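Undergrad: Handing you a structure now.
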Amino acid sequence: MRKIKRVGSRSSPNHHQVATMAAYRPVQQLLLKTHTHTVVVPAPLTSTLADIKSAVYAALTQFSDISSAVSILGEDSFEVCRAGKSGGDYTLLEGDKKTVKEMGLANWEILYLRFRDADGELMPVQVTLPSLLGDDEDEEPVSSSKGKEVAR
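Quick note: the sequence shown uses the numbering used here, first residue 1, plus one each step.
Below, the structure written as structure tokens:
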């Protein structure tokens, strides 16, 4: 019986795959909410909190309704926080040099912004969540009868 020598292996990538894998960097999509706006920030795992705040600041300066509600003078005008388990409390993300990976941020995680007032104190999170119903839709009344109707 003759042995067949196999050239290469399916487990090792070819040169095209190696080049593609070297260029691939996982990117987390982060949703940052304030007032009635949501800013989507694509953030590689190596992005720092300072990078995220810079991207959010660039996006927020385009909205005049937010600018009139709070004074956005720079990236120090707000802080990024994540919602707690109970929903009413928020944990401040600290450390501008911490990366997305170090902070443990998940893909599509919803984060919130807390703005500073004129004295530099952090104000509470201000978010208006959209209604699931359209403007012209009314809730359908819930039937009080249980079970199936009897055919007559």
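Think of the CB as a built atom: it goes at the ideal place given N, C-alpha and C, for glycine as much as any other residue. Source: prediction; values computed, not measured.
Short check: CB of residue 54 to CB of residue 116, under 7 Å?
TA: Taking the sequence shown and counting its residues from 1, one reaches residue 54 at position 54. Taking the sequence shown and counting its residues from 1, one reaches residue 116 at position 116. No, the Cβ-Cβ distance between residue 54 and residue 116 is not below 7 Å.
Undergrad: Which residue wins for smallest C-alpha separation from residue 89, given the options 95, 62, 37, 114?
TA: Numbered from its first residue, the sequence shown carries residue 89 at position 89. Checking every option, the nearest Cα to that of residue 89 belongs to 114.
Undergrad: I believe residue 28 touches residue 100 by the beta-carbon criterion, under 8 Å. Please report the beta-carbon distance rounded to the nearest angstrom.
TA: Position 28 of the sequence shown holds residue 28. Position 100 of the sequence shown holds residue 100. Between residue 100 and residue 28 the Cβ distance is about 5 Å, and since that is below 8 Å, they are a contact.
Undergrad: Out of 111, 132, 46, which has the shortest C-alpha to C-alpha gap to residue 35?
TA: Within the sequence shown, numbered from 1, the residue matching residue 35 stands at position 35. Nearest C-alpha to residue 35: 111.
Undergrad: If you drop the 5 nearest sequence neighbours on each side, which residues of the same chain put their C-beta closer than 7 Å to that of residue 107?
TA: Sequence index remark: in the sequence shown, residue 107 carries index 107 (1-based). Correct list, in chain order: 28, 29.
Undergrad: Which runs of the alpha helix (DSSP H) at least 4 residues long sit entirely within the region 13-100? Give them in chain order.
TA: 15-23, 49-60, 64-69
Undergrad: When the distance is taken between beta carbons, is residue 58 closer than 7 Å to residue 39?
TA: Along the sequence shown, read from residue 1 onward, the residue named residue 39 stands at position 39. Along the sequence shown, read from residue 1 onward, the residue named residue 58 stands at position 58. No, these two residues do not count as a Cβ contact at 7 Å.
Undergrad: Report yes if the CB atom of residue 96 is closer than 7 Å to the CB atom of residue 45, and no otherwise.
TA: Taking the sequence shown and counting its residues from 1, the one referred to as residue 96 is at position 96. Taking the sequence shown and counting its residues from 1, the one referred to as residue 45 is at position 45. Result no, Cβ atoms of residue 96 and residue 45 do not sit closer than 7 Å.
Undergrad: With DSSP as the reference, please indicate the residues paired to residue 127 in a beta bridge.
TA: Against the sequence shown, residue 127 aligns to sequence position 127. Answer by DSSP bridge pairing, in chain order: 35.
Undergrad: If we ignore side chains and look at the alpha-carbon of each, how far apart do residue 132 and residue 85 end up?
TA: For the purposes of this step, residue 132 is taken as the residue at position 132 of the sequence shown. For the purposes of this step, residue 85 is taken as the residue at position 85 of the sequence shown. Cα to Cα, the separation comes out at about 22 Å.
Undergrad: Measuring alpha carbon to alpha carbon, tell me which residue in 109, 42, 33, 81 is nearest residue 26.
TA: Counting from 1 along the sequence shown, the entry for residue 26 is found at position 26. The candidate whose alpha carbon is nearest that of residue 26 is 42.
Undergrad: How is the beta strand (DSSP E) around residue 116 delimited, first residue to last?
TA: Here residue 116 refers to the residue found at position 116 when the sequence shown is read from its first residue. Unbroken run through residue 116: none, as it is neither H nor E.
Undergrad: Count the other CB atoms, across all protein chains shown, that sit within 10 Å of the CB of residue 32; report buried if there are 16 or more and exposed otherwise.
TA: Locating residue 32 in the sequence shown gives position 32, counting from the first residue. Answer is buried; the Cβ neighbour count reaches 16.
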